[in-house]
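Presented below is the structure to which this report refers.
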Amino acid sequence: MDLEDLYRMLRTGHVQAQGIVDTVPDPMLVLDSALTVQSANRAFFRTFAVERYDTIGQHLYDLGNGQWDIPELRHLLGEVIPKSSAVIDYKVTHDFPKIGQKVMLLTARTVFNPDNVSHLMLLSIVDITEKSRKEAEFEAVFGELRHRLKNVLGLVRALANQTKAEGISGEEYRKVFLGRLHAVADANDLAFSDHGEDGLEALVARATKPFQTAPETIVIEPGPAVTLVSKEIMSLSLLLHELATNAVKYGALSAPAGTVRIGWEVEQGDHPLLKLSWRESGGPPVGKPASTGYGTQLIKFAIAYNLGGQVEQNYRAEGLEAEIVVPLERAARPD
Amino acid sequence: MIVEDEFIIAMDLKVMVELLGWQVLGPVARVADALRLLEEERPTVALLDVNLGHQLVTPVAEALRSRGVPFAVASAYDKPELVGGVILAGVPNVGKPTSERSLLRVLETLSMS
Numbered sequence: 005m006d007l008e009d010l011y012r013m014l015r016t017g018h019v020q021a022q023g024i025v026d027t028v029p030d031p032m033l034v035l036d037s038a039l040t041v042q043s044a045n046r047a048f049f050r051t052f053a054v055e056r057y058d059t060i061g062q063h064l065y066d067l068g069n070g071q072w073d074i075p076e077l078r079h080l081l082g083e084v085i086p087k088s089s090a091v092i093d094y095k096v097t098h099d100f101p102k103i104g105q106k107v108m109l110l111t112a113r114t115v116f117n118p119d120n121v122s123h124l125m126l127l128s129i130v131d132i133t134e135k136s137r138k139e140a141e142f143e144a145v146f147g148e149l150r151h152r153l154k155n156v157l158g159l160v161r162a163l164a165n166q167t168k169a170e171g172i173s174g175e176e177y178r179k180v181f182l183g184r185l186h187a188v189a190d191a192n193d194l195a196f197s198d199h200g201e202d203g204l205e206a207l208v209a210r211a212t213k214p215f216q217t218a219p220e221t222i223v224i225e226p227g228p229a230v231t232l233v234s235k236e237i238m239s240l241s242l243l244l245h246e247l248a249t250n251a252v253k254y255g256a257l258s259a260p261a262g263t264v265r266i267g268w269e270v271e272q273g274d275h276p277l278l279k280l281s282w283r284e285s286g287g288p289p290v291g292k293p294a295s296t297g298y299g300t301q302l303i304k305f306a307i308a309y310n311l312g313g314q315v316e317q318n319y320r321a322e323g324l325e326a327e328i329v330v331p332l333e334r335a336a337r338p339d
Numbered sequence: 002m003i004v005e006d007e008f009i010i011a012m013d014l015k016v017m018v019e020l021l022g023w024q025v026l027g028p029v030a031r032v033a034d035a036l037r038l039l040e041e042e043r044p045t046v047a048l049l050d051v052n053l054g055h056q057l058v059t060p061v062a063e064a065l066r067s068r069g070v071p072f073a074v075a076s077a078y079d080k081p082e083l084v085g086g087v088i089l090a091g092v093p094n095v096g097k098p099t100s101e102r103s104l105l106r107v108l109e110t111l112s113m114s
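Residue numbers (my numbering), protein chains in the order written: chain A, 5 to 339; chain B, 2 to 114.
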């Protein structure tokens, strides 16, 4: 039953008005031309926590200590209705002293009695408080999602721009770029994982997995549990990716018998330090490269810039050794 | 001066701004580092990320305003002032991802003001 049906039935006068009014699931008032409440339905009493005897026969604006004396409602009933017989879904937000803020959609319709000049007004009040709260929540979540998406796109843009294109083929560029993109995507997965996979061990395993061509080529030594925050995950993930890429190109992972051992410890104290080591062996003899490549710069920047850490690379004859030291003070405290 | 906490984006902004013929102060990732830089030098313009991990860039914006240094934001927020406070209202936003074109236009406008 909607307002339209009710209107028609009241006009033809076939049924008891109160019975009909009570079947309407949303709060509803029947007012006379002086705005005195003639009838109200159960939904009205329930939603606005009022009693029948306090309501019927009262002037609308006197109801519940004047809690319906709302400027927008006065405007609607006094100015709009007389000129336009019906108003649909007029939104009103109002603070009720007892039940708090309500967001309502008001629909009003004038019903003329053909026998005399008097008329009644039907006022239906749809309570959309909960719905608009959910909409606002959704809006906030959606906004945050949009913001994160733009940030990720910004990161991808920077990654594409910061991957060297000079002097190499398109295929090579694509390979390097996609490798880095995967490292970022993996880091993103770990950072937003809800399975407690934000630990260092999971990160090392995941970052090195694509380079683990045979068992025992990359050995992860057991170390203490370390929980990381998202930017540490991002930086360390890219660091391991770059080290592994270089090992495949020039280092231990370019030879069949070469291995990489990764281990870590935490130096406790007022400012705990994470010390991560990467040791290559069994590869071709290495020497310090003539120029530092972009990968090395990326590694140093990744650790130094926002983690305040250091990377030291030793080109030993038996293989590259990298020591990464990162202060863990932020990560050690839950935030 | 560039303030941005995400290191790859910071690196990229620095390179872009340098390619446009500017000299870069920073980049720095934290409010304290930015304020320390401002004690030592006075940049012509500043480019700020709004959300620096667990900090907001607001104190840096306030320090710049009080020194009369014009600044822009590089933010993924449509309305950075809702996040970083009223100090960011009406400030040009080069957006995120940041294009060279919008960066150049904003830097030129700011440095002439």
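Every residue gets a Cβ at the ideal spot worked out from N, C-alpha and C, and that includes glycine.
Remember, it's a predicted structure, so these values are computed and weren't measured experimentally.
Local conformation of residue i per DSSP, three classes
{"i": "N52 of chain B", "result": "strand"}
{"i": "P214 of chain A", "result": "helix"}
{"i": "D314 of chain A", "result": "Correcting the residue identity first, residue 314 of chain A is Gln in this sequence and not Asp. In this structure, Q314 of chain A counts as strand in the three-state DSSP scheme."}
{"i": "K97 of chain B", "result": "coil"}
{"i": "G203 of chain A", "result": "strand"}
{"i": "R56 of chain A", "result": "coil"}
{"i": "H275 of chain A", "result": "coil"}
{"i": "D99 of chain A", "result": "strand"}
{"i": "L324 of chain A", "result": "strand"}
{"i": "P338 of chain A", "result": "Confidence at P338 of chain A is low in this model, with a pLDDT of 40, below 50, so its placement is unreliable and no value can be given for it."}
{"i": "G262 of chain A", "result": "coil"}
{"i": "A47 of chain A", "result": "helix"}
{"i": "T59 of chain B", "result": "helix"}
{"i": "A90 of chain A", "result": "strand"}
{"i": "A47 of chain B", "result": "strand"}
Residues near residue i by beta carbon distance below 7 Å, same chain, minus five either side
{"i": "N250 of chain A", "result": "G299"}
{"i": "E101 of chain B", "result": "M17"}
{"i": "L80 of chain A", "result": "V91, Y94, L110, A112"}
{"i": "A259 of chain A", "result": "G286, G287, P288"}
{"i": "V180 of chain A", "result": "T167"}
Contacts around residue i, its chain only, beta-carbon distance under 6 Å, and the 5 residues preceding and following it disregarded
{"i": "L39 of chain B", "result": "A64"}
{"i": "V329 of chain A", "result": "L277, K279, G313, Q314"}
{"i": "S281 of chain A", "result": "G267, E327"}
{"i": "E325 of chain A", "result": "R283, N318"}
{"i": "K235 of chain A", "result": "N310"}
{"i": "L153 of chain A", "result": "none"}
Minimum Cβ-Cβ distance from residue i to chain C less than 8 Å
{"i": "A11 of chain B", "result": "Structure shown: chain C not included; protein chains present are A and B."}
Contact list for residue i against chain A, beta-carbon separation under 8 Å
{"i": "G22 of chain B", "result": "By Cβ distance, chain A contributes nothing, its closest Cβ being about 17 Å from G22 of chain B, past 8 Å."}
{"i": "G115 of chain B", "result": "Here chain B comprises residues numbered 2 to 114, so residue 115 of chain B is not present and cannot be evaluated."}
Cβ separation of residue i and residue j, assumed to be a contact under 8 Å, to the nearest whole Å
{"i": "L7 of chain A", "j": "L126 of chain A", "result": "6 Å"}
{"i": "L182 of chain A", "j": "F215 of chain A", "result": "In fact, because the Cβ distance is near 14 Å, the residues do not count as touching under 8 Å."}
{"i": "I345 of chain A", "j": "A53 of chain A", "result": "The first residue shown for chain A is 5 and the last is 339, placing residue 345 of chain A beyond what the model contains."}
{"i": "V4 of chain B", "j": "G27 of chain B", "result": "7 Å"}
{"i": "L185 of chain A", "j": "L242 of chain A", "result": "Contact doesn't hold; Cβ gap of about 11 Å is too wide."}
Within chain B, the residues that residue i reaches when beta carbons sit closer than 8 Å
{"i": "Q166 of chain A", "result": "I9, M12, D13, V16"}
Proximal residues of chain B, C-beta to C-beta of residue i below 9 Å
{"i": "F305 of chain A", "result": "F8, I9, A11, M12"}
{"i": "Y319 of chain A", "result": "Under the 9 Å cutoff, chain B gives no residues; its nearest Cβ is about 25 Å from Y319 of chain A."}
{"i": "L241 of chain A", "result": "It should be noted that the sequence gives Ser, not Leu, for residue 241 of chain A. Those do not exist, as S241 of chain A stays about 12 Å from chain B at its closest Cβ, beyond 9 Å."}
CB contact flag (residue i, residue j, <8 Å)
{"i": "A187 of chain A", "j": "A206 of chain A", "result": "no"}
{"i": "L36 of chain B", "j": "A75 of chain B", "result": "no"}
{"i": "E269 of chain A", "j": "P228 of chain A", "result": "yes"}
{"i": "V1 of chain B", "j": "V87 of chain B", "result": "The requested residue 1 of chain B is not part of the displayed model; chain B covers only 2 to 114."}
{"i": "T99 of chain B", "j": "L21 of chain B", "result": "no"}
{"i": "A77 of chain B", "j": "N155 of chain A", "result": "yes"}
Proximal chain A residues relative to residue i, where beta-carbon distance stays under 9 Å
{"i": "T99 of chain B", "result": "G158, R161, A162"}
{"i": "G86 of chain B", "result": "In chain order: nothing, as chain A lies at least about 17 Å away."}
{"i": "G27 of chain B", "result": "Going along chain A, no residue has its Cβ under 9 Å from G27 of chain B, so there is no contact; the nearest lies around 10 Å."}
Partners in chain A for residue i, counting only beta-carbon separations shorter than 7 Å
{"i": "A77 of chain B", "result": "H151, K154, N155, G158"}
{"i": "G54 of chain B", "result": "K235"}
Neighbouring residues, chain B, relative to residue i (Cβ below 7 Å)
{"i": "Y309 of chain A", "result": "F8, A11, A30"}
Proximal residues to residue i (C-beta, below 8 Å), its chain only, five neighbours per side dropped
{"i": "R78 of chain A", "result": "Y65"}
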